[in-house]
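A short write-up of the structure that comes next.
There are 2 protein chains.
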Amino acid sequence: MIHPITGKRDFIESLRGKRASFLLCMSNTKTANIEGITQAGIPGLLHLTPTLDAEFITIGEVRSLGSIAETPKGVPTPALITRAVHLLHPFCEIELIELGLEIAPQLEHFTMHTFGITPSNSISEGASIPATEVFEKGVQFAQELLCKGEYIILGESVPAGTTTALATALALGYDASEKFSSSFKNTPNNIRQSVIDQALAHINEGDDLFDILSHVGDNMLIFNAGLILGLQNRDIKVVLAGGTQMACVLLIINRILQMMEGELDSSKIALCTTKWVAEDTNSDIKALLEMNDFQVNAYYADFDFSLTSHPALKLYDEGEAKEGVGAGGALMYALINGITKEKITKKVESLLK
Amino acid sequence: MIHPITGKRDFIESLRGKRASFLLCMSNTKTANIEGITQAGIPGLLHLTPTLDAEFITIGEVRSLGSIAETPKGVPTPALITRAVHLLHPFCEIELIELGLEIAPQLEHFTMHTFGITPSNSISEGASIPATEVFEKGVQFAQELLCKGEYIILGESVPAGTTTALATALALGYDASEKFSSSFKNTPNNIRQSVIDQALAHINEGDDLFDILSHVGDNMLIFNAGLILGLQNRDIKVVLAGGTQMACVLLIINRILQMMEGELDSSKIALCTTKWVAEDTNSDIKALLEMNDFQVNAYYADFDFSLTSHPALKLYDEGEAKEGVGAGGALMYALINGITKEKITKKVESLLK
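Chains as they are written, first to last, in this note's numbering: chain A, 692 to 1044; chain B, 692 to 1044.
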């Protein structure tokens, strides 16, 4: 089942049976190098997470490191879920969007869109993103995009991305404290708060929207804001497959539209995340979505690991990891195409062997 | 699972979830009339095998004979596998390529491409194929081909085709003895060797490449060499769905490219065969593939009949039949679209009832 977080069932039901293209945005922010800020990957090698995630969802193996990315607690990457869905009910294509990686994935025969974007600095030191340029690249990409599927599922892999998203939302004036999720069950709020404080200190009076994004954002947030707005003129529906980071993309769009006095045709956009994000008591994605002037349909896929006894997967149900690599959108894709929770569980288990 | 024989996983993974057109090349060589040379069909009616295979994969019944082609040992045609896959996860179209048949399939509403090609003579007497003409027809077909799928799976049904392929490879100077598969578990090497010897005796000093193909080839081998080269200028990927016969097509292409000092863009081609061919100890498809100057990705579909107790199907696991009618490529298509071994097995069983 797919449950609405905001809006009605109709949008997601209209996608039932349709074929989707899966696009993965990959980006590194040096924010991830701050000790203890994220558990999305292997300490010291966190920058590799998007690279490994991309390799794993496309070809089912990791080439840029011996084994699949795990957190220190042993929580395996949500790429497992996305890959499992792709095996059970394949996306009609997977394409990669390279938004500043230290190490490119080692893949042949898969389309990887590159834009000459470099990894962003730590927001604690000022991210130094050419925000207008990155945004415009997103717009242009949307205008030229060839989509084989009947709609797009847009996922992301950005270690420390919830921290940059929270900083961005706060910097844009949203009352977003304690509304953002994290890859931890128990978010290290001291570390996070200190990074956020340092990030916000980089904002100067008189900074405009894009100046602010330059200081505290990440490439994924900014590019996708452009991508979504660029898709407004096209006849392609897009599902933002993610949690509070994707909600932050919408918050950025909201500020851009306010600045331009524009409106959003939200009939072309929905957000879909996991149950772990939707039911997380330490964050509030619904509240974030309701801060926008526009309404969007948002959903969560009713899937958890209650049917497994695998201890690494059980950690998801305890609140670790929660979302990423488009897991929520992928689960939605499986469920609206008749793939059961049992089948998904078994396939994920088989990938851990 | 799909396993690489040569190359990497990427090519085949990039096709996951995409829709394929299935093209079947059908041809008769009178070589099949030599007693004991093949078990791909009914003795005395071997020329009917491609006709019946085409009928069965398209409409699920045979019209040109009472029942589906079986070998004298009762091994059913691999067309059963291809049909089972088409029922479980349909190709987006099946089209037929008529390359010299005694009897045309009795079908309506299916596209059959005809080229005025006649069945070839037995290679023991000289095949007498207008090789340049057949090759050029292949090139031209590729240039004009309308493909509804996102890629092509190219299968073949040519009784005695492994014998003509072996003769061709030897005549072209490849060290190919004992590397070619056959429809038998125990290849009748005496008969085969005698036919090969007679075939090679037709080659004259000074014969060029196409002269040689005229004497010892078959229409499928020559046409497909043209087809593959013709597709080089088009944006269509093709999977050669077959075993050592399809490997021979590549060996022919290799000699043509050597003659023309040309190169192959192997990013558009892969070969996919069955586990029965890949693991056959009486042949060596990997060695054949590695004789080419170019590298191609080649795979086998990890499917066998270990889940059935049907005695006729069990014969496949013992080494009979092995491949044909695109079975290896069809199994690949099923597996990369989420269809399980269990489902394929049950569907094949149901077709035998």
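No residue lacks a Cβ here, since even glycine has one placed at the ideal position from N, Cα and C.
- With fewer than 16 other Cβ atoms inside 10 Å of its own Cβ, C783/B counts as exposed.
- When the Cα atoms are used, G934/A and Q831/A turn out to be separated by approximately 25 Å.
- Interface annotation for the segment 982 to 1004 of chain B against chain A: empty, criterion Cβ-Cβ distance under 8 Å.
- Secondary structure of A818/B (DSSP, three-state): coil.
- Rounded to the nearest whole angstrom, the CA to CA distance from P796/A to E835/B is 36 Å.
- Separation of I748/A and I748/B (C-alpha to C-alpha, rounded to the nearest whole angstrom) is 33 Å.
- Comparing alpha carbon positions, the residue from M950/A, A867/A, D744/A and L920/A closest to G846/A is D744/A.
- In the three-state scheme derived from DSSP, where H, G and I count as helix and E and B as strand, T823/B is classed as helix.
- Here I1030/A carries a coil assignment [DSSP, helix/strand/coil].
- L706/A and D926/A have their C-alpha atoms some 14 Å from each other.
- Rounded to the nearest whole angstrom, the CA to CA distance from A978/B to A867/B is 9 Å.
- Taking the CA atoms as reference points, T1036/A sits about 44 Å from A833/B.
- In the DSSP assignment, S848/B falls within the unbroken beta strand (DSSP E) covering Y842 to S848.
- Under the Cβ criterion (8 Å, minimum of three pairs), the segment 857 to 867 of chain B does not count as touching the segment 730 to 746 of chain B.
- Secondary structure note for A892/B: it is in no beta strand (DSSP E), with a DSSP letter that is neither H nor E.
- Taking a beta-carbon distance threshold of 8 Å, E704/B counts as an interface residue toward chain A.
- Under a criterion of Cβ atoms nearer than 9 Å, the residues of chain B adjacent to H780/A are, in order, G708, N1028 and G1029.
- Taken atom to atom, the span from the alpha-carbon of I960/A to that of H694/A is near 16 Å.
- Close to chain B, meaning a Cβ-Cβ distance shorter than 8 Å, is no residue of the segment 737 to 748 of chain A at all.
- In the three-state reduction of the DSSP assignment, V929/B falls in the strand class.
- When the five nearest sequence neighbours on each side are left out, the beta carbons in the same chain lying within less than 7 Å of the beta carbon of L857/A are those of A867, F871 and I887, in order along the chain.
- Exposed is the label assigned to G765/B, since fewer than 16 other Cβ atoms lie within 10 Å of its Cβ.
- Per DSSP, the beta bridge partners of M803/A are L787/A.
- Considered as a whole, the segment 710 to 793 of chain A harbours 740 to 750 and 770 to 779 as its complete alpha helix (DSSP H) runs of no fewer than 4 residues, in chain order.
- Excluding sequence positions up to five before and after Q949/A, its CB lies within less than 8 Å of the CB of D984, all in the same chain and listed in chain order.
- Shown here, P1002/A sits in a helix according to DSSP, grouped into three states.
- From the beta-carbon of L798/A, the residues of chain B found nearer than 7 Å are D701.
- Residue-level contact by beta carbon holds for F801/A and chain B, with a gap shorter than 8 Å.
- Residues I820, A822, V825, F826, G829, L904 and I943 of the same chain have their beta carbon placed closer than 8 Å to that of I913/A, with the five preceding and five following residues left out of the count.
- Beta-bridge pairing by DSSP links T964/B to Y991/B.
- Residue environment analysis places E1033/A among the exposed positions, since fewer than 16 neighbouring C-beta atoms fall within 10 angstroms of its C-beta.
- Between S712/B and E799/B, the C-beta spacing is not below 8 Å.
- Using beta-carbon distances, C783/A counts as an interface residue toward chain B, with a partner under 8 Å.
- Note on geometry: alpha-carbon atoms of L955/A and L900/A lie some 18 Å from one another.
- For H694/B, the beta-bridge partners assigned by DSSP are Y991/B.
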